[in-house]
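Following: one structure in structure tokens, then a few remarks.
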Amino acid sequence: MRKKNKNIILEKVLVEDYAAEGKSLARVDGKVIFIEEAVPGDVVDVRLGKNKKDWAEGRPFYYHTYSKDRVIPFCQHFGVCGGCQWQMLPYEKQLQYKQKQVQDNLQRIGKLTLPPFEPIAGASPTTHYRNKLEYTFSNKRFLLREELHNEEITSHMNVAGFHAKGLFDKVVDIVECHLQP
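Numbered as in the numbering used here, the sequence shown ends at 352 without a single skipped number.
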């Protein structure tokens, strides 16, 4: 019978770097830990969801200290919507991490030797700059945790929005998106 790895908690983990898909990276006793909703420089307690031999995934449930790079996200849907994953970082840091991710993937996975890169040319302005977004439509709205027990709020309504983070069968009703004018 397989051993369950439920409720393993790692305490005071220093987040070292960014990994792919909006996750951060830490190392504990030589093991790589991918952490959602964390910024390099954060010190967090992490509850593991997946725990493999060489790597694990988890979410912070307590922040001991916040990174000096952390900023307050400007979107009311941040953390629920599956869209912008790095709003808790200044835009310049987002560009640096995205460039690092591309270089790492080409070198490590693609085994390519790369010439020096020019820095990514960011958008100006950094909000309301996209001319196209693809919305999802549903007849059932995704309810937030604080809405679940409120009898006055119903999920049965037509909505246009984006998929809830990590849930491709749930649609978040987007009141305002800062990507499109």
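Ideal Cβ placement from N, Cα and C applies to all residues, glycine included.
Since we're looking at a predicted model, the values are computed, not measured.
Cβ-based neighbour list, Gly337, same chain, cut-off 8 Å, excluding 5 preceding and 5 following: If we look at Gly337 and ignore the five residues flanking it on each side, its Cβ neighbours are Gly253.
Pick from Leu304, Pro211, Val273, Tyr234: whose alpha carbon is nearest that of Pro352? Taking each of Leu304, Pro211, Val273, Tyr234 in turn and checking the Cα distance to Pro352, the smallest one comes out for Leu304.
Within this structure, are the beta carbons of Leu196 and Glu207 separated by less than 9 Å? In this structure, Glu207 does not lie closer than 9 Å to Leu196 by Cβ.
When you compare each of His235, Gln265, Ala331 to Val342 by their alpha carbons, which one comes out closest? The candidate whose alpha carbon is nearest that of Val342 is Ala331.
Kindly indicate which residue of Leu350, Tyr237, Lys282 has the alpha-carbon position closest to the one of Asp353. Look at the range of the chain in this structure, 172 to 352, and you will see that residue 353 is not part of it.
With DSSP collapsed to three states, give me the class of Val273. Here Val273 carries a helix assignment [DSSP, helix/strand/coil].
Contact between the stretch 228–235 and the stretch 243–262 is defined here as three or more beta-carbon pairs at a separation below 8 Å; is this criterion met? Contact between the stretch 228–235 and the stretch 243–262 is absent, because fewer than three Cβ pairs lie under 8 Å.
With three or more C-beta pairs closer than 8 Å as the rule, is the stretch 281–295 touching the stretch 254–267? Using a Cβ-Cβ distance cut-off of 8 Å, the stretch 254–267 and the stretch 281–295 are in contact, since at least three pairs of beta carbons, one from each stretch, lie closer than that value.
Tell whether a beta-carbon distance below 9 Å holds between Val184 and Val210. Not a contact, by the Cβ cut-off of 9 Å.
Residues near His349 by beta carbon distance below 6 Å, same chain, minus five either side: Counting only Cβ-Cβ distances below 6 Å, and skipping sequence neighbours, we find Cys246, Thr298.
In terms of alpha-carbon separation, which member of Glu318, Asn321, Val199, Gln256 lies closest to Glu192? Nearest neighbour of Glu192 by Cα position, chosen from Glu318, Asn321, Val199, Gln256, turns out to be Gln256.
Cβ of Lys269 versus every heavy atom of the ligand FMN: is any distance shorter than 8 Å? No copy of the ligand FMN appears in this structure; indeed no ligand is present at all.
Span of the beta strand (DSSP E) around Val214: Its beta strand (DSSP E) spans residues 214–222.
Measuring CA to CA, which of Ile324, His320, Tyr233 is closest to Arg218? Closest in alpha carbon position to Arg218, among Ile324, His320, Tyr233, is Tyr233.
Nearest-angstrom Cα distance between Val251 and Phe205? Roughly 19 Å between the two C-alpha positions.
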